[in-house]
Amino acid sequence: MSLKLYNTLNKRKEDFKPINPDHVTLYVCGPTVYNYAHVGNARPVVVFDLLVRLLRHDYKKVTYARNITDIDDKIIEAAQESGDAIADITEKYAGIYEADMAALNAGPPDLTPKATDYIAQMIGMTAALIEKGHAYEKDGHVMFSVLSMSNYGELSGRKLEDMIAGARVDVASYKNDAADFILWKPSNDDQPGWDSPWGRGRPGWHLECSCMIEDNFGKTIDIHGGGLDLIFPHHENEIAQSRCAHEGAPLANYWMHNGYLTVDGEKMSKSLGNFVTVHDLLEEFPGKGEAIRMCLLSAHYRQPVDFSRDGIKQAQRQLDRWYRLTDGVEAGEVPETILVALRDDLNTPKAIAELNALAKKAVNDDAAKKQLKAAANLFGVLEKEKREWFDATVDENAISENEIEKLIVERAEAKMNKDFSRSDEIRNQLSEQGISLLDGPDGTTWEKR
RNA sequence: GGCGCGGUGGCGGAAUGGCUACGCAGCGGAUUGCAAAUCCGUCUAUACCGGUUCGAUUCCGGUCCGCGCCUCCA
């Protein structure tokens, strides 16, 4: 079965046909690096990481790019507030971002272009757009002229008249039209800037993605992704810039957008203040990044996921079980059922159901165990050793393995002497320290939990 | 105001014009000195009102409720 993807452009599931069947290209909008990423920010990262894993399974070569916005007014503000240099801030948070996402088993993309490395390209595209009559300079600003484009609004399904009519935007003096957007803006002396034909300034937000794609991939890529909230204006404006700069060539053939992470039904966002950072969550659930990942994949990617600690715990238990089943097992082939589910527009809940079916089978079937391991790995979980997974819960200094083993021996003796109050006391004592004892036919083993 | 999304069991969450997955929790059983873990079994749902249909949770219309975008936002 071939891959089907829901395309925001047509609001339909479509058969995925890459431009070059041997090389799939995809670009996902990455972070603006001025503080910690929250769980909602992590959702697209995990979703598109899974997509890339699937594409890598199905295609010879995949190139995945995710940008870093390291020039932006929010970063400038953060620098002014903290007194730190902009480069220090962006480097620090880019590093934290990469580490936090890696903890969710979302490895770095093939390409991680930074906006500040594309200033020349951005100036070039801006100049080209002016030359082609799609942009104009006014009061030191270079604006994209939305009216110069016939089909502006094709991605978000908006009509220009509607936008202008319902515009809550103040029409700035440098705009010819309320819907026009910034390609290049002037910088004050205390703001970072680069020399340009329009004076010292800095790029508008939408421009970097257009230029990075052009520079790394050419005019048209296969898949462009991001969160739902990027459809308008960000992706709409990327399309406008790129199409107008490229004689109408599409920027991407497939546009994919993940739904929101919500908290009590409301979108998790920095402005609402209802966010939890991935960083904090990893401290709260040490070593359980995979559980957070599972949690984010538990609903279909276009549906909302309501964030809760309970959801993470639930995912953790599921993983506990799969880890026990696949201890020491080598990954085999990914079974077709899982692939079919994922190729159907990344139906992760269906795939998880199949994973559970496999786990049930694996109870007394070694081949199924290998399949489970392989399928889970494709999902981006079960990438650790069982011991490592369970041990992560408790901090190392709490109790040594030696002490645990000694207590187990003591408890075994107590049990032999039918001194059950002593044996239960030992079990409870260990339990309080996060150690669970498992009495099996071959003696007692333990897990941290 | 414009455009859009969604309402499935105690909870999470798929799918489908006819029999509604899967997980968590619960319950019963096996196992256990008792537990834990594991295994087996099991209860509970398609917001409301109409329409189309032999038959709708699924298609259509309306109502109510929740949410989102239109401004930075994953």
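The first sequence runs 0 to 448 under numbering that gives the first Met the number 0.
Even glycine gets a Cβ: it sits at the ideal position worked out from N, Cα and C.
Rounded to whole angstroms, the gap between the alpha carbons of F378 and Y135 is 47 Å. Note on geometry: alpha-carbon atoms of I425 and R386 lie some 22 Å from one another.
Cβ contact annotation for M124 (same chain, cutoff 6 Å, sequence separation greater than five): C210 and A244, in chain order. Taking C-beta atoms as the reference points, A41 and L110 fail to come closer than 8 Å.
For a cut-off of 8 Å, the C-beta gap from M267 to G224 is around 19 Å, too long to register as a contact. One Cα belongs to K137, the other to L296, and the distance between them is close to 46 Å.
In the DSSP assignment, Y26 forms a beta bridge with A64 and H223. In the DSSP assignment, I434 is bridged to K447.
The Cβ-Cβ distance between L271 and V304 does not fall below 8 Å. P108 sits close to Y63, with the two beta carbons spaced by under 8 Å.
Cβ atoms of W445 and L381 stay farther apart than 8 Å, at about 21 Å. Around the beta carbon of I18, fewer than 16 other beta carbons lie within 10 angstroms, which makes this residue exposed.
Residue environment for A358: buried (at least 16 other C-beta atoms within 10 angstroms of its C-beta). Under the Cβ criterion (8 Å, minimum of three pairs), the region 195-202 does not count as touching the region 77-97. The shortest C-alpha to C-alpha distance from W183 to any of R421, A411 and F143 is the one to F143. In terms of Cα proximity to P348, the closest of H299, R157, T68 and N34 is H299. Residue range I85 to A102 is occupied by the alpha helix (DSSP H) that includes I88, with no beta strand (DSSP E) assigned at that position. Contact annotation: the region 337-345 touches the region 44-61, with at least three C-beta pairs closer than 8 Å.
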